[in-house]
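A.B. asks: Here's a structure for you.
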């Protein structure tokens, strides 16, 4: 069944788009990531222009993270205070990121920067996650107790002022590193055009020592707010959000996110981190492949914006 | 508008040609293509006849036709990847300014078989002869025919069926009656299309006529596209609200308590 998309200006197969929404939604619900970094390339592959894909994916990510966030909210496994503090940091990071984005584009090196930062970030973050979770799993197998959170250990973080209690995360830390994490995610996210959930999740786990179960729900709240705002901004500035495409993606996405969230809660925390690590590394390698292997087509065409 | 029987494109007699010369009368099966939710591309039929009278001299070569269909004009950037320090990066780029987003060149035979290279150049017949202006510094100019960016641009548009060159697509059903199919792919650009029909005999162009059609979004498609364009903020808020509603709806439907 084909349906014509009014803004993207091409027909697509409804079942294919629903299936893509479902799959990415499942992954999104399971790991607490937005899944934009998976969905955007898929849409470009079926012929949607990159600009429309990026703008429309934001609304799909908002829908599936809201659907997932409600499930986690019912199980009380999310931390709203933590999400709020991350969003405050994220706002400033986004402003800085947009400034650098404009600068890099004027220098003509934006594509390269995005490609390289994807490869470096994804393979290092993913690699660390895989290594850590493998050690945890091995330790658990050998009978020793898994201790990701060492209650007695004092990091330099704990010496910082402005301490705040995050009840749901069972944390009492300074808000400065929380703002810092939000800042970095907002900064990198706005340069790379993604929500940044796949980096937020490991940073919350390893840097702020938030329990894995709370991390996913919290990350979903952050992603939801960021992406809902991004949808409105994209629609208001470049008019490239396709509501019909968005609706089809959302319908698949929210259902997928429900099953994903359920599946995620069944899997042990260390295994979940391992799976996410593998996924992140795989995407990183995919970007590396594009940069290193000789392309079959060396030329690309892009429609020039009418405004510029 | 819709009555295809009424021929809207009547050839005006060309001033320079003698009174007894041929005229082309041509029309299209559709003049207004409605893009609805079920639009998946369309073939438009061009049909017509070569009009002669008793005084018209016989043509030794018979007739040949060249049809050029030009879509709305847009500007495109073509980029070339190159390997630098082991990785592939976008290196050089060229901007094609106001070139057709859709282009179909249809003919009865290969152009070389019925007209000279000079005539082809003058009339911009075929991909090799059509002018595709590039931004070169502050100037606009077309470049040599086998310029790699020009060749790549045409090749990539051809792959998406948005540039079409078929030198056997126009057929004469009788010595005077002709028809041709203009294929519009699913992702055909919205806008106004110009159809230019040229008649050749004995190596020269002897008559020419124009027709046009438009591709428009109608109904729901038009409503959504207009809202996105004219009421961006409201449209964005509505889409974001739709996202929240769908998310909430799914969590209620799939609730298992």
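Chains as they are written, first to last, in my numbering: chain A, 157 to 464; chain B, 18 to 274.
Idealized CB from N, CA, C, for every residue including glycine.
Just so you know, these numbers come straight off a predicted model, no measurement behind them.
When you check each C-beta in the stretch 237-250 of chain B against every C-beta of chain A, which residues fall closer than 7 Å?
C.D. replies: Closer than 7 Å at the C-beta level to chain A, one finds these residues of the stretch 237-250 of chain B: 238, 241, 242, 245, 246, 249 and 250.
A.B. asks: Would residue 416 of chain A pass as a contact of residue 184 of chain A if the rule is Cβ separation under 9 Å?
C.D. replies: In the first chain, residue 416 of chain A corresponds to position 260, counting from 1. In the first chain, residue 184 of chain A corresponds to position 28, counting from 1. In this structure, residue 184 of chain A lies closer than 9 Å to residue 416 of chain A by Cβ.
A.B. asks: Do you know how far the Cα of residue 258 of chain A is from the Cα of residue 113 of chain B?
C.D. replies: Translated into positions along the second chain, residue 113 of chain B becomes position 96. Translated into positions along the first chain, residue 258 of chain A becomes position 102. Their Cα atoms are separated by approximately 23 Å.
A.B. asks: Return the bridge partner residues of residue 214 of chain B from the DSSP annotation.
C.D. replies: For the purposes of this step, residue 214 of chain B is identified with residue 197 of the second chain, where counting begins at 1. Note: residue 214 of chain B sits in a beta bridge opposite B/84 and B/226.
A.B. asks: Would residue 198 of chain B pass as an interface residue toward chain A - the criterion being a Cβ-Cβ separation below 9 Å?
C.D. replies: Mapped onto the second chain, residue 198 of chain B falls at position 181. With 9 Å as the cut-off, residue 198 of chain B does not count as an interface residue toward chain A.
A.B. asks: Among B/241, B/182, B/171 and B/47, which one has its Cα closest to the Cα of residue 128 of chain B?
C.D. replies: Taking the second chain and counting its residues from 1, one reaches residue 128 of chain B at position 111. Checked all of B/241, B/182, B/171 and B/47; the closest Cα to residue 128 of chain B is B/182.
A.B. asks: Residue 117 of chain B lies in the beta strand (DSSP E); which residues open and close that run?
C.D. replies: Reading the second chain from its first residue, position 100 is the one you call residue 117 of chain B. Residues 104-117.
A.B. asks: Using a beta-carbon distance cut-off of less than 9 Å, what residues from the stretch 56-86 of chain B approach chain A?
C.D. replies: 56, 57 and 58
A.B. asks: Measuring CA to CA, which of B/252, B/96, B/118 and B/121 is closest to residue 110 of chain B?
C.D. replies: The count along the second chain starts at 1 and reaches residue 110 of chain B at position 93. Taking only the C-alpha atoms, the option nearest residue 110 of chain B is B/96.
A.B. asks: Taking the C-alpha atoms as reference points, what is the distance between residue 134 of chain B and residue 220 of chain B?
C.D. replies: As a first step, residue 134 of chain B must be located in the second chain, where it is residue number 117. As a first step, residue 220 of chain B must be located in the second chain, where it is residue number 203. Rounded to the nearest whole angstrom, the C-alpha separation of residue 134 of chain B and residue 220 of chain B is 10 Å.
A.B. asks: Excluding the five sequence neighbours on either side, which residues of its own chain have a C-beta within less than 7 Å of the C-beta of residue 340 of chain A, listed in chain order?
C.D. replies: Walking along the first chain from the start, residue 340 of chain A turns up at place 184. Only 249 meet the Cβ criterion.
A.B. asks: In chain B, what lies closer than 9 Å to residue 288 of chain A by C-beta?
C.D. replies: One-based indexing of the first chain puts residue 288 of chain A at position 132. Residues of chain B with a Cβ closer than 9 Å to the Cβ of residue 288 of chain A do not exist; the shortest Cβ-Cβ separation is about 29 Å.
A.B. asks: When you compare each of A/431, A/425 and A/408 to residue 175 of chain A by their alpha carbons, which one comes out closest?
C.D. replies: As a first step, residue 175 of chain A must be located in the first chain, where it is residue number 19. It is A/408 whose Cα lies nearest to the Cα of residue 175 of chain A.
A.B. asks: Once you ignore the five residues that flank residue 150 of chain B on each side, which residues in its own chain have a CB closer than 6 Å to its CB?
C.D. replies: By 1-based counting over the second chain, the position of residue 150 of chain B is 133. The answer, listed in chain order, is 114, 157 and 159.
A.B. asks: Just the chain B side, please: which residues come within less than 7 Å of residue 233 of chain A by C-beta, in chain order?
C.D. replies: Within the first chain, residue 233 of chain A is the residue found at index 77, counting from 1. By Cβ distance, chain B contributes nothing, its closest Cβ being about 14 Å from residue 233 of chain A, past 7 Å.
A.B. asks: From the DSSP output, read off the bridge partner residues of residue 456 of chain A.
C.D. replies: The count along the first chain starts at 1 and reaches residue 456 of chain A at position 300. The partner list for residue 456 of chain A (beta bridge, DSSP) reads B/96.
A.B. asks: Whose C-beta lies closer than 6 Å to the C-beta of residue 354 of chain A among residues of the same chain, with five residues either side of it excluded?
C.D. replies: Locating residue 354 of chain A in the first chain gives position 198, where the first residue counts as 1. Within the same chain, residue 354 of chain A has close Cβ partners 189 and 436.
A.B. asks: So does the stretch 376-387 of chain A actually touch the stretch 217-224 of chain A, counting three or more Cβ pairs closer than 8 Å?
C.D. replies: yes
A.B. asks: In its own chain, which residues sit with a C-beta less than 8 Å from the C-beta of residue 27 of chain B, not counting the 5 before and 5 after it?
C.D. replies: In the second chain, counting from the first residue as 1, residue 27 of chain B sits at position 10. Interpretation of residue 27 of chain B is limited by its pLDDT of 38, a score under 50 that renders its predicted location unreliable; no figure is taken from the coordinates.
A.B. asks: Reducing DSSP to helix, strand and coil, say where residue 394 of chain A ends up.
C.D. replies: Your numbering for residue 394 of chain A matches position 238 in the first chain. Coil.
A.B. asks: How should residue 98 of chain B be labelled, buried or exposed, when 16 other C-beta atoms within 10 angstroms of its C-beta is the threshold for buried?
C.D. replies: Locating residue 98 of chain B in the second chain gives position 81, where the first residue counts as 1. The residue in question, residue 98 of chain B, is buried, as its Cβ has 16 or more Cβ neighbours within 10 Å.
A.B. asks: For chain D, check one thing: does any of its Cβ atoms lie closer than 9 Å to the Cβ of residue 222 of chain A?
C.D. replies: Absent from the structure: chain D. Protein chains present are A and B.
A.B. asks: Run the CB neighbour count on residue 335 of chain A, radius 10 Å, all protein chains shown included, and call it buried at 16 or more, exposed below.
C.D. replies: Your numbering for residue 335 of chain A matches position 179 in the first chain. With 16 or more Cβ atoms within 10 Å of its Cβ, residue 335 of chain A is classed as buried.
A.B. asks: Candidates A/286, A/460 and A/455: which alpha carbon is nearest residue 167 of chain B's?
C.D. replies: For the purposes of this step, residue 167 of chain B is identified with residue 150 of the second chain, where counting begins at 1. Here the closest residue by C-alpha is A/455.
A.B. asks: Between residue 38 of chain B and residue 73 of chain B, what straight-line distance do the alpha-carbon atoms span, to the nearest angstrom?
C.D. replies: Taking the second chain and counting its residues from 1, one reaches residue 38 of chain B at position 21. Taking the second chain and counting its residues from 1, one reaches residue 73 of chain B at position 56. Whole-angstrom Cα-Cα distance: 6 Å.
A.B. asks: Could you give the first and the last residue of the continuous beta strand (DSSP E) run that contains residue 72 of chain B?
C.D. replies: Looking up residue 72 of chain B in the second chain gives position 55. Residue 72 of chain B -> no beta strand (DSSP E), and no H or E assigned at all.
A.B. asks: Mapping the DSSP letters down to three states, classify residue 64 of chain B as helix, strand or coil.
C.D. replies: Translated into positions along the second chain, residue 64 of chain B becomes position 47. If DSSP states are grouped into helix, strand and coil, residue 64 of chain B belongs with the strands.
A.B. asks: Got a sec? Which residues, its chain only, sit under 8 Å from residue 173 of chain A by beta carbon, not counting five neighbours each side?
C.D. replies: Here residue 173 of chain A refers to the residue found at position 17 of the first chain. Excluding sequence neighbours, residue 173 of chain A sits near 202, 401, 404, 405 and 408.
A.B. asks: Report the residues of the stretch 91-115 of chain B with a CB closer than 8 Å to any CB of chain A, ordered along the chain.
C.D. replies: 91, 92, 93, 94, 95, 96, 97, 98, 99, 100, 103, 104, 105, 106, 107 and 112
A.B. asks: So that I know if they touch, is there some Cβ in chain B lying closer than 9 Å to that of residue 450 of chain A?
C.D. replies: For this step, residue 450 of chain A is matched to residue 294 along the first chain. Cβ-Cβ to chain B under 9 Å: yes for residue 450 of chain A.
A.B. asks: Is there a Cβ from chain A that is less than 9 Å from the Cβ of residue 153 of chain B?
C.D. replies: Numbered from 1 along the second chain, position 136 holds the residue referred to as residue 153 of chain B. Not one chain A Cβ lies under 9 Å of residue 153 of chain B.
A.B. asks: Give me the Cα-Cα distance between residue 269 of chain B and residue 171 of chain A, rounded to the nearest whole angstrom.
C.D. replies: The sequence position of residue 269 of chain B within the second chain is 252, counting from 1. The sequence position of residue 171 of chain A within the first chain is 15, counting from 1. Taking the straight line joining both Cα atoms gives about 23 Å.
A.B. asks: Only counting the same chain, and skipping five residues up and downstream in sequence, which positions put a Cβ closer than 6 Å to that of residue 207 of chain A?
C.D. replies: Locating residue 207 of chain A in the first chain gives position 51, counting from the first residue. Around residue 207 of chain A: 396.
A.B. asks: Measure the CB-CB distance between residue 253 of chain A and residue 217 of chain A and report whether it falls below 9 Å.
C.D. replies: In the first chain, the residue the question calls residue 253 of chain A occupies position 97. In the first chain, the residue the question calls residue 217 of chain A occupies position 61. A distance of 9 Å or more separates the beta carbons of residue 253 of chain A and residue 217 of chain A.
A.B. asks: Closest by CA to residue 241 of chain A, which one among A/318, A/161 and A/418?
C.D. replies: The residue labelled residue 241 of chain A in the question sits at position 85 within the first chain. Taking only the C-alpha atoms, the option nearest residue 241 of chain A is A/318.
A.B. asks: Assign residue 398 of chain A to one of two classes, buried (16 or more other C-beta atoms within 10 Å of its C-beta) or exposed (fewer than that).
C.D. replies: For the purposes of this step, residue 398 of chain A is taken as the residue at position 242 of the first chain. Classification of residue 398 of chain A: buried, given that the 10 Å Cβ count is 16 or more.
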